[in-house]
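In our numbering, the protein residues as written are 86 to 173. Notes follow the structure.
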Amino acid sequence: PLPGLHTDVFTAVAEIVEVREKPSLPIGRIAQDVFGNVPVFEDRGIHQRAILALGRQDVIFDGLQPLDAGVEILGGSSDHLLVEISGR
(Lines of atoms letter the chains of each structure in order from A and count residues from 1; the text may use other names and numbers.)
(Lines give C-alpha, C1' and ligand atoms only; values in the text may rest on other atoms or scores of the structure.)
Protein backbone atom coordinates (compact mmCIF):
# COMPACT_ATOMS: atom_id res chain seq x y z
CA PRO A 1 0.00 0.00 0.00
CA LEU A 2 1.06 3.54 -0.71
CA PRO A 3 0.83 6.15 2.06
CA GLY A 4 -2.29 8.30 1.78
CA LEU A 5 -4.13 5.93 -0.56
CA HIS A 6 -7.09 3.75 0.38
CA THR A 7 -7.04 -0.05 -0.01
CA ASP A 8 -10.81 -0.54 0.40
CA VAL A 9 -12.18 1.15 -2.71
CA PHE A 10 -13.62 -1.89 -4.52
CA THR A 11 -16.40 -4.24 -3.49
CA ALA A 12 -16.38 -7.67 -5.14
CA VAL A 13 -19.78 -9.33 -5.56
CA ALA A 14 -20.12 -13.04 -6.34
CA GLU A 15 -22.95 -15.47 -6.95
CA ILE A 16 -23.36 -18.29 -4.41
CA VAL A 17 -23.16 -21.58 -6.31
CA GLU A 18 -23.73 -23.96 -3.38
CA VAL A 19 -24.29 -23.98 0.40
CA ARG A 20 -23.81 -27.20 2.41
CA GLU A 21 -22.82 -28.46 5.82
CA LYS A 22 -19.43 -30.14 5.43
CA PRO A 23 -16.65 -31.43 7.68
CA SER A 24 -13.83 -28.93 8.04
CA LEU A 25 -11.27 -31.73 7.58
CA PRO A 26 -11.43 -33.43 4.16
CA ILE A 27 -11.73 -37.22 4.02
CA GLY A 28 -8.83 -39.00 2.32
CA ARG A 29 -5.37 -37.95 1.24
CA ILE A 30 -4.52 -34.26 0.89
CA ALA A 31 -2.42 -33.47 -2.19
CA GLN A 32 -0.98 -30.28 -3.62
CA ASP A 33 -3.20 -27.98 -5.64
CA VAL A 34 -2.61 -26.85 -9.21
CA PHE A 35 -0.54 -23.93 -7.89
CA GLY A 36 1.88 -26.29 -6.07
CA ASN A 37 0.57 -25.56 -2.56
CA VAL A 38 -0.37 -28.27 -0.07
CA PRO A 39 -3.38 -26.96 1.86
CA VAL A 40 -3.48 -27.30 5.65
CA PHE A 41 -6.85 -27.99 7.28
CA GLU A 42 -7.86 -27.64 10.92
CA ASP A 43 -10.46 -30.09 12.27
CA ARG A 44 -13.25 -27.83 13.56
CA GLY A 45 -16.08 -30.29 13.06
CA ILE A 46 -19.07 -29.79 10.77
CA HIS A 47 -19.58 -26.26 9.47
CA GLN A 48 -21.60 -24.50 6.81
CA ARG A 49 -19.61 -23.82 3.66
CA ALA A 50 -20.53 -21.78 0.59
CA ILE A 51 -18.96 -21.96 -2.86
CA LEU A 52 -18.87 -18.63 -4.69
CA ALA A 53 -18.46 -18.09 -8.44
CA LEU A 54 -15.30 -16.01 -7.96
CA GLY A 55 -11.79 -17.39 -8.37
CA ARG A 56 -8.10 -16.65 -8.73
CA GLN A 57 -8.68 -15.73 -12.36
CA ASP A 58 -10.83 -12.85 -11.05
CA VAL A 59 -9.14 -11.69 -7.81
CA ILE A 60 -6.19 -12.31 -5.49
CA PHE A 61 -7.66 -14.10 -2.46
CA ASP A 62 -5.14 -12.56 -0.04
CA GLY A 63 -6.57 -9.12 -0.78
CA LEU A 64 -10.18 -10.06 0.02
CA GLN A 65 -11.84 -9.04 3.27
CA PRO A 66 -15.46 -10.12 3.92
CA LEU A 67 -17.87 -7.31 4.80
CA ASP A 68 -19.73 -9.70 7.15
CA ALA A 69 -17.66 -10.54 10.27
CA GLY A 70 -19.22 -14.04 10.37
CA VAL A 71 -17.74 -15.05 7.01
CA GLU A 72 -14.28 -16.62 6.77
CA ILE A 73 -12.42 -17.15 3.49
CA LEU A 74 -11.10 -20.72 3.34
CA GLY A 75 -9.45 -20.70 -0.09
CA GLY A 76 -10.44 -21.69 -3.57
CA SER A 77 -9.48 -22.51 -7.10
CA SER A 78 -9.11 -20.67 -10.38
CA ASP A 79 -12.87 -20.18 -10.68
CA HIS A 80 -14.38 -20.74 -7.19
CA LEU A 81 -13.98 -19.28 -3.70
CA LEU A 82 -14.78 -21.33 -0.57
CA VAL A 83 -16.09 -19.49 2.48
CA GLU A 84 -17.30 -20.64 5.88
CA ILE A 85 -20.59 -19.02 6.82
CA SER A 86 -21.26 -20.81 10.14
CA GLY A 87 -20.51 -17.63 12.09
CA ARG A 88 -23.16 -15.59 10.29
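Ideal Cβ placement from N, Cα and C applies to all residues, glycine included.
Euclidean distance between Cα positions of residue i and residue j
i, j, result
"Q142", "D164", "6 Å"
"E157", "E169", "5 Å"
"G161", "G140", "7 Å"
"R129", "P111", "11 Å"
"P88", "G113", "46 Å"
Counterpart residues of residue i in DSSP-defined beta bridges
i, result
"R134", "R105 and E169"
"I158", "V168"
Nearest-angstrom beta carbon gap, residue j and residue i [assumed within contact, 8 Å]
i, j, result
"E103", "Q133", "Actually they are not in contact, since the Cβ atoms of E103 and Q133 sit about 11 Å apart, beyond 8 Å."
"L159", "I136", "Rounded, the Cβ-Cβ distance is 10 Å, inconsistent with contact."
Identity of the residue in the options nearest residue i by Cα
i, options, result
"L152", "P86, P88, G89 and D93", "D93"
"S109", "D147, G161 and E127", "E127"
"H194", "G121, G130 and G148", "A question about residue 194 goes unanswered here, because the residues of the chain that appear run from 86 up to 173."
"V125", "I131, I115 and V119", "I115"
Other residues of its chain near residue i: CB distance less than 6 Å, five sequence neighbours each side excluded
i, result
"Q117", "V123"
"A138", "A99, E100 and V102"
Spatial neighbours of residue i in its chain, beta-carbon cut-off 8 Å, leaving aside the 5 residues before and after
i, result
"I222", "Because the chain is modelled from 86 through 173, residue 222 falls outside the range shown and cannot be assessed."
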